[in-house]
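Numbering (our numbering), first residue to last: -5 to 151.
Note that CB positions come from ideal geometry on N, CA and C, so glycine has one too.
Each remark here refers to the structure printed beneath this line.
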Amino acid sequence: MPHPDSQVLLTLGLLLAVALVAGRIAVLLRLPQVTAYLLVGVLFGPSVLGLVPQQHVVLLQPLTKLAVALVLFNLGCQFPFNRARRIFRNVGRLASGEISATLLAVALGLWLLGQPWQVAVLLGTLALATAPATTVLVLKETESEGTITEYAQALVV
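Okay, structure coming up:
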């Protein structure tokens, strides 16, 4: 029987290979690669095809956290600090609106789908923490520039 660590490495290799192919397909379809990566995770994960067992998802969690940390570190390195004062003046209102709208949309949507209100609010709160990394990746991939991009990056920071 193979060593358990080799099974996790095989899973990681499978995910990277499939994500690479899916990313290329996304480029051809003019979609953000992040979308393709997300779809691969859902499709291959424990809830759909089950090609990635739940215990492997748990074991790969530190790599996931490292990836998000690297994306946010890179954003911090590229943040236009000389324009920060102008940007942050308006970001407070934007942040309040973004947080309220995201929490409300996710929680209300889940509650309407039949989740208990406590679970819906909890998942709505978790949605606030996971959205920024995806936003940064899409902005970088599309090479977005301008005032709205600056504000979006400031909201993430």
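*asked:* What would DSSP say about R24, mapped onto helix, strand or coil?
replied: Assignment of R24 by DSSP, reduced to helix, strand and coil, places it in the coil class.
*The alpha helix (DSSP H) with V52 in it runs from where to where?*
Unbroken alpha helix (DSSP H) run through V52: 48 to 53.
*What is the DSSP secondary structure of E135, reduced to helix, strand or coil?*
Reduced to three states, the DSSP call for E135 is helix.
*Can L10 and F38 be called in contact, C-beta distance under 8 Å?*
In this structure, F38 does not lie closer than 8 Å to L10 by Cβ.
*asked:* Let me confirm a value: A95 is counted as buried when at least 16 other C-beta atoms fall within 10 Å, else exposed. Which label applies?
replied: Around the beta carbon of A95, fewer than 16 other beta carbons lie within 10 angstroms, which makes this residue exposed.
*Return the CA-CA distance between L104 and T119, expressed in angstroms with no decimal places.*
Approximately 12 Å between the Cα atoms of the pair.
*Assuming V15 and L54 make a contact with CB atoms under 8 Å, what is their CB distance in whole Å?*
Going by Cβ atoms, the distance from V15 to L54 rounds to 19 Å, so no, they are not a contact pair.
*asked:* Taking 8 Å as the threshold (C-beta atoms), are Q27 and V34 in contact?
replied: No.
_DSSP-derived helix/strand/coil call for L116_ = Three-state DSSP puts L116 in a helix.
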